[in-house]
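Undergrad: Per the working numbering, the sequence shown starts with residue 9, numbered consecutively.
C-beta atoms are modelled at their ideal positions from N, C-alpha and C, and glycine is treated no differently.
Structure below; questions to follow.
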Amino acid sequence: MDKQGFEVVDAGFQGELEIRGPSMMKEYADCPTGTAETLRDGWLKTGDFGYVRQTKVYIVGRIKELIKVRGWQVSPNEIEDVLLMHPSIVDAAVIGVSRSGTDSGDELPRAYVVINKEESVRVDKLEVMKFVQDQLSSFKALEGGIDSSRPGSVHTRGGYFLSHDDQLRQFDPSFFGISPLEASAMDPQQRKLLEVVYESFENAGATLEELSGSKTSCFVGCFTNDMRSMASRDPEYGVPYEMTGSDMTILSNRINYAFDLKGPSMTVDTACSSSLYALHLACQSVISAESDAAVVAGSNIINDIGQHIAS
Numbered sequence: 009m010d011k012q013g014f015e016v017v018d019a020g021f022q023g024e025l026e027i028r029g030p031s032m033m034k035e036y037a038d039c040p041t042g043t044a045e046t047l048r049d050g051w052l053k054t055g056d057f058g059y060v061r062q063t064k065v066y067i068v069g070r071i072k073e074l075i076k077v078r079g080w081q082v083s084p085n086e087i088e089d090v091l092l093m094h095p096s097i098v099d100a101a102v103i104g105v106s107r108s109g110t111d112s113g114d115e116l117p118r119a120y121v122v123i124n125k126e127e128s129v130r131v132d133k134l135e136v137m138k139f140v141q142d143q144l145s146s147f148k149a150l151e152g153g154i155d156s157s158r159p160g161s162v163h164t165r166g167g168y169f170l171s172h173d174d175q176l177r178q179f180d181p182s183f184f185g186i187s188p189l190e191a192s193a194m195d196p197q198q199r200k201l202l203e204v205v206y207e208s209f210e211n212a213g214a215t216l217e218e219l220s221g222s223k224t225s226c227f228v229g230c231f232t233n234d235m236r237s238m239a240s241r242d243p244e245y246g247v248p249y250e251m252t253g254s255d256m257t258i259l260s261n262r263i264n265y266a267f268d269l270k271g272p273s274m275t276v277d278t279a280c281s282s283s284l285y286a287l288h289l290a291c292q293s294v295i296s297a298e299s300d301a302a303v304v305a306g307s308n309i310i311n312d313i314g315q316h317i318a319s
């Protein structure tokens, strides 16, 4: 039947499929409205959109899922089938998005596709749109665009990872005067900063005796703090030293305390420029004679995959 449900369409033209037969249901129980909408003169309106060709019935899609494009009824399934013919696409879903600047209910087809992992960097969205346009009528073109992002995933092909010889758990708390219980609650960033700062003192030829009590300041740049969010998911969250072990402000304070540095101590968070601004503050501190020397450090250890995806 046609869109209004009044006329039978000719063979080859699309319309709603209606069926009838001896095994047809009589009505919806206790739902006269639903019965009136679905049954008419013994014919059941299936809600399927299709056409007849050479005695065969072809289902195109569901009427409720059809996209209204400038008066045309477009089946998402038809566009999805074409997208799946593309060698770089392994899955696809097409929806209708509202056309901006109009309240007519008109929509534009928009595709969400999953790209083959081996092809994710090289696929050109414009090329995919042209691929669809070459296969279908112009009003079925993906004017709403293509989205190939994967929620919960990233496109990064590589990165820097702490190796097996540089494990975060390999830490000697007694060397820094920290108890094992306190160390168990410490953010890995605190551990690595203590180790790296100590190595910098060795490289500079400065002894701990010389530094102890000196007017040396410490400025640390950092803007990741996923340790606390991870710890909050632990059923035993709330162990001793949890606060000092996961708070960002302690990153610089821990260094001052461990090495008995008496200058200013500050953790800086200005996002991507955190370490650079920490260096600026250190220079200002030395120039103004606020401190005689300064330790500048930066940390961006990502422990939680959620943090990596979010950034």
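Along the chain, where does the beta strand (DSSP E) that runs through residue 307 open and close?
TA: For this step, residue 307 is matched to residue 299 along the sequence shown. Run containing residue 307: 301 to 307, per the beta strand (DSSP E) assignment.
Undergrad: Pick from 269, 81, 240, 246: whose alpha carbon is nearest that of residue 205?
TA: As a working mapping, residue 205 is identified with position 197 in the sequence shown. Among 269, 81, 240, 246, the Cα nearest to that of residue 205 belongs to 269.
Undergrad: May I ask you to list the residues that DSSP assigns as paired with residue 69?
TA: Within the sequence shown, numbered from 1, the residue matching residue 69 stands at position 61. Paired residue(s): 57.
Undergrad: Check this for me: beta carbons of residue 170 and residue 263, under 8 Å apart or not?
TA: Position 162 of the sequence shown, counted from the first residue, corresponds to residue 170. Position 255 of the sequence shown, counted from the first residue, corresponds to residue 263. Not a contact, by the Cβ cut-off of 8 Å.
Undergrad: Less than 8 Å between the beta carbons of residue 224 and residue 290, yes or no?
TA: Residue numbering aside, residue 224 sits at position 216 when the sequence shown is read from its first letter. Residue numbering aside, residue 290 sits at position 282 when the sequence shown is read from its first letter. Not a contact, by the Cβ cut-off of 8 Å.
Undergrad: Please tell me whether, using a cut-off of 7 Å, the distance from the CB of residue 314 to the nearest non-hydrogen atom of the ligand ADP is below it.
TA: Ligands are entirely absent from the displayed structure, and the ligand ADP is therefore not among its contents.
Undergrad: Comparing alpha-carbon positions, which option in 186, 144, 136, 122 lies nearest residue 156?
TA: Start at 1 with the first residue of the sequence shown, and residue 156 comes out as number 148. Closest by alpha carbon: 122.
Undergrad: Do you know offhand how far residue 115's Cα is from residue 97's?
TA: Residue mapping note: residue 115 aligns to position 107 of the sequence shown, counting from 1. Residue mapping note: residue 97 aligns to position 89 of the sequence shown, counting from 1. Near 24 Å, if we compare the C-alpha coordinates of residue 97 and residue 115.
Undergrad: Are residue 231 and residue 273 close, meaning C-beta to C-beta below 8 Å?
TA: In the sequence shown, the residue the question calls residue 231 occupies position 223. In the sequence shown, the residue the question calls residue 273 occupies position 265. The answer is no: Cβ separation not under 8 Å.
Undergrad: Alpha carbons only, please: which of 256, 267, 307 is nearest the one belonging to residue 280?
TA: Numbered from its first residue, the sequence shown carries residue 280 at position 272. For residue 280, the nearest C-alpha among the options comes from 307.
Undergrad: Which of the three DSSP states, helix, strand or coil, is assigned to residue 188?
TA: Translated into the one-based positions of the sequence shown, residue 188 becomes position 180. Helix at residue 188.
Undergrad: Excluding five sequence neighbours on each side, which residues of the same chain lie with their C-beta closer than 7 Å to the C-beta of residue 42?
TA: In the sequence shown, the residue the question calls residue 42 occupies position 34. Here the set comprises 36.
Undergrad: Spatial neighbours of residue 259 within its chain, please: CB distance less than 7 Å, with the 5 preceding and 5 following residues excluded, ordered by chain position.
TA: Looking up residue 259 in the sequence shown gives position 251. Result list for residue 259: 197, 198, 201, 228, 230, 275, 307, in chain order.
Undergrad: Which word fits residue 26, buried or exposed, when buried means at least 16 other C-beta atoms lie within 10 angstroms of its C-beta?
TA: On the sequence shown, residue 26 is found 18 positions in, with the first residue counted as 1. Classification for residue 26: buried.
Undergrad: If you measure between the beta carbons of residue 117 and residue 77, is that distance less than 8 Å?
TA: Along the sequence shown, one-based indexing puts residue 117 at 109. Along the sequence shown, one-based indexing puts residue 77 at 69. Contact annotation: residue 117 and residue 77 have beta-carbon atoms nearer than 8 Å.
Undergrad: In angstroms, rounded to a whole number, what distance separates the CA positions of residue 143 and residue 149?
TA: Locating residue 143 in the sequence shown gives position 135, counting from the first residue. Locating residue 149 in the sequence shown gives position 141, counting from the first residue. A direct Cα-Cα distance of roughly 9 Å separates residue 143 from residue 149.
Undergrad: Just to check my reading of the structure: residue 85 and residue 69 have Cβ atoms closer than 8 Å, yes? What is that Cβ distance to the nearest angstrom?
TA: Here residue 85 refers to the residue found at position 77 of the sequence shown. Here residue 69 refers to the residue found at position 61 of the sequence shown. Cβ atoms of residue 85 and residue 69 come within 8 Å of each other, at about 4 Å.
Undergrad: Can you check DSSP and say which residues form a bridge with residue 64?
TA: Here residue 64 corresponds to residue number 56 of the sequence shown, with the count starting at 1. For residue 64, which the question treats as bridged, DSSP gives the partners 61.
Undergrad: Can you pull the DSSP bridge partners for residue 23?
TA: Indexing the sequence shown from 1 puts residue 23 at position 15. DSSP output for residue 23 lists 58 as bridge partner(s).
Undergrad: Out of curiosity, what's the CA-to-CA distance linking residue 49 and residue 40?
TA: What you label residue 49 is simply residue 41 of the sequence shown in a count that begins at 1. What you label residue 40 is simply residue 32 of the sequence shown in a count that begins at 1. Between residue 49 and residue 40, the C-alpha separation is close to 14 Å.
Undergrad: Using a Cβ-Cβ cutoff of less than 8 Å, which residues in the same chain neighbour residue 99 once the five nearest sequence positions on both sides are dropped?
TA: Within the sequence shown, residue 99 is the residue found at index 91, counting from 1. Excluding positions up to five away in sequence, the list reads 92, 121, 122.
Undergrad: If you count every other CB in all the chains shown that lies within 10 Å of the CB of residue 305, and 16 or more means buried, which is it?
TA: Position 297 of the sequence shown, counting from 1, holds the residue named residue 305. Residue 305 should be labelled buried.
Undergrad: Suppose contacts are defined by Cβ-Cβ distances below 8 Å. Is residue 87 in contact with residue 119 by that definition?
TA: Your numbering for residue 87 matches position 79 in the sequence shown. Your numbering for residue 119 matches position 111 in the sequence shown. Yes; because the gap between Cβ atoms is below 8 Å, this pair is in contact.
Undergrad: Grouping DSSP H, G and I as helix and E and B as strand, with all else coil, what is residue 33?
TA: Your numbering for residue 33 matches position 25 in the sequence shown. Three-state result, residue 33: coil.
Undergrad: Looking only at its own chain, which residues have a Cβ that is under 7 Å from the Cβ of residue 134, when we skip the five neighbours before and after it?
TA: Residue mapping note: residue 134 aligns to position 126 of the sequence shown, counting from 1. Correct list: empty, nothing qualifies.
Undergrad: Assuming residue 65 and residue 58 form a contact by the criterion Cβ under 8 Å, report the distance between their Cβ atoms to the nearest whole angstrom.
TA: Taking the first residue of the sequence shown as position 1, residue 65 is located at position 57. Taking the first residue of the sequence shown as position 1, residue 58 is located at position 50. Their Cβ separation, rounded to whole angstroms, is 6 Å, which keeps residue 65 and residue 58 in contact under 8 Å.
Undergrad: Where do the ends of the alpha helix (DSSP H) carrying residue 285 lie?
TA: Counted from its first residue, the sequence shown places residue 285 at position 277. Residues 282 to 295.
Undergrad: Verify whether the separation of the beta carbon atoms of residue 244 and residue 193 is less than 8 Å.
TA: Along the sequence shown, read from residue 1 onward, the residue named residue 244 stands at position 236. Along the sequence shown, read from residue 1 onward, the residue named residue 193 stands at position 185. It is not a contact, given that the beta carbons lie outside the stated cut-off.
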